[in-house]
Amino acid sequence: MAAATLARRIGRSGVLPLCCRPPAWDRATRPPPSPLQPPGLRLAPSRSFSNNKIQVELDESSGVATMKLKSPPVNSLSLELLTEFAISLEKLENNRACRGVIITSAVPKIFSSGLDITEMCGKSTEHYTEFWRAVQEMWLRLYGSSMVTVAAVNGSSPAGGCLVALTCDYRIMAENPKFSIGLNEAQLGIVAPFWFKDTFVNVVGHRIAERSLQLGSLHPAPEAHKLGLVDELVPEEKLMEKAAAVMAQWLALPDHARQLTKTMMRKAVVDRLVAHREEDIKNFVTFVSKESIQKSLRMYMEMLKKRKS
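The opening residue of the sequence shown carries number 0 in numbering that gives the first Met the number 0; numbering runs sequentially from there.
Below, the structure is given as C-alpha cells:
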C-alpha cells in the first residue's frame, strides 16, 4: 500500500492518544502473565500481521505483542514505515487482548538509523508536510499509548531511532559498546524539534539533554546506561528474554492505575504538540526547504554513499 494512502488512513482513523481518551478499563480484567512462564511457551494462539516495513506478533496468552521494524538495511523511518508503525499501534490499541508491546528490530545490529534523509531532500513542500505529520503521528500514538511499551534496542539507534526508544515506557539495550544511541540531529545541521527535546529532557534531565543535543552526541551503550538514556544493558542473546520479564513486571499492576499515572505524567507534553501541531509542521517545512539545509542534507547523503562504497 502506498505511503500516501496509509497516511490518509491514519488521518481518518480518529483514534486519540491516551491523554485524550478514557483508559481501557476492560484491559484490567485480564490476568497478568506469569513471570514463571518460559518465554517461548504459548498457552494460547498467537496472532500475527505484517506490512511491508513492520512485523507484529501478538501472544494472546500474555497479552504482549512484539513489533519489529523490518526495513533493511538500517530501518530508516520513511513515510511508509512511519505510517505502518502508527497503523500497527492502532490495531494493537484496539485489540482488547493486547496490554503491552515490545518494540525491536528485525535487522541485525541496528534498531533504527532515524528519519529517512531522502524524505527530506529534494522533495516538494507537500511531501515535507505529509512526512512530518507522519513523524508526529508516530510519536503521539506511541507516547500516548495506553499499553505498556518496552523498547528492546538490539543495535545502534541515532536520531529518530533514539526518539522511538525514548518514547517507550522502558528501554533495554544490548550490551555492546559498538552500539550507540542519541539525538544527533546537530551533526546533520538540523535541529531537534521541541517535542523531541521535551521527551529527551523527561528521560535524562535538562543538563544532560542540553549538552547532548548541542553536540549531537551519540552515546555508546555503556555511556547511555550511565546517563539514564537506557534503563538496562543486557547481553544481546538475553535481550528479548529480559524485555519479556520487564513487561511481566509492569503488567502485574492494575491497568487503570498505571494508565492514569501515565496520563498524568505525559499529558502536558502531548498537549503541547497537539496545540502547536500545525505550527510545528510549518516550521519544519520552512526549515528543511532552506537551501543551506538542503545542502547539508545532500552532503550527508554523499558521505553515506562513500561509506557504503
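Where is the CB? At the ideal position from N, CA and C, for every residue including glycine.
None of these values were measured; they are calculated from a predicted model.
Exercise. Once you ignore the five residues that flank LYS241 on each side, which residues in its own chain have a CB closer than 6 Å to its CB?
Worked result: ILE171 and VAL233
Exercise. With C-beta atoms as the reference, is ASP168 less than 7 Å away from VAL268?
Worked result: no
For this session: Indicate the three-state DSSP secondary structure (helix, strand or coil) for PHE110 in the structure shown.
Result: coil
Exercise. Can you pull the DSSP bridge partners for LEU68?
Worked result: ILE53 and SER104
Exercise. Touching or not, the segment 175-183 and the segment 133-150, by the rule of three or more beta carbon pairs under 8 Å?
Worked result: no
Exercise. Does the segment 239-255 come close enough to the segment 178-196 to have 3 or more Cβ pairs within less than 8 Å?
Worked result: no
For this session: Inspect the beta-carbon positions of LEU226 and VAL200 and report whether they are closer than 7 Å.
Result: no
Problem set entry | Boundaries (first-last residue) of the alpha helix (DSSP H) holding SER144 | First-last for SER144: undefined, no H or E at that position.
For this session: Determine the DSSP secondary structure at ALA151, reduced to helix, strand or coil.
Result: strand
For this session: Measure how close the beta-carbons of LEU78 and GLY113 come, nearest whole angstrom, since I'm counting them as under 8 Å.
Result: Rounded, the Cβ-Cβ distance is 14 Å, inconsistent with contact.
Problem set entry | Minimum C-alpha distance to GLN54 - residue among THR103, GLU92, GLY99 and ARG95 | THR103
For this session: With a 10 Å radius around its C-beta and 16 neighbouring C-beta atoms as the bar for buried, classify LYS67 as buried or exposed.
Result: buried
Exercise. Hey, VAL73 and VAL106 are a contact pair by Cβ (cut 8 Å); roughly how many whole angstroms apart?
Worked result: 7 Å
Exercise. From this set, TYR142, MET298, ALA220 and MET119, which residue's C-alpha is nearest PRO157's C-alpha?
Worked result: ALA220
Exercise. Curious, which full-length beta strand (DSSP E) runs of at least 3 residues does the segment 179-218 contain?
Worked result: 179-181
Problem set entry | Given MET119 as reference, the closest of LYS305, MET298 and ARG306 once Cα atoms are compared | MET298
For this session: Assign MET264 to one of two classes, buried (16 or more other C-beta atoms within 10 Å of its C-beta) or exposed (fewer than that).
Result: exposed
Exercise. To the nearest angstrom, how far is it from the Cα of ILE292 to the Cα of LEU272?
Worked result: 24 Å
Problem set entry | Inter-residue spacing [alpha-carbon to alpha-carbon] between SER295 and ASN282 | 18 Å
Exercise. Taking the alpha carbon of LEU214 as the point to measure from, which residue in ALA185, ASP270, ARG206 and LEU238 has its own alpha carbon closest?
Worked result: ALA185
Problem set entry | Sequence-distant residues of its chain with Cβ nearer than 7 Å to THR128 (five each side left out) | ILE280 and VAL284
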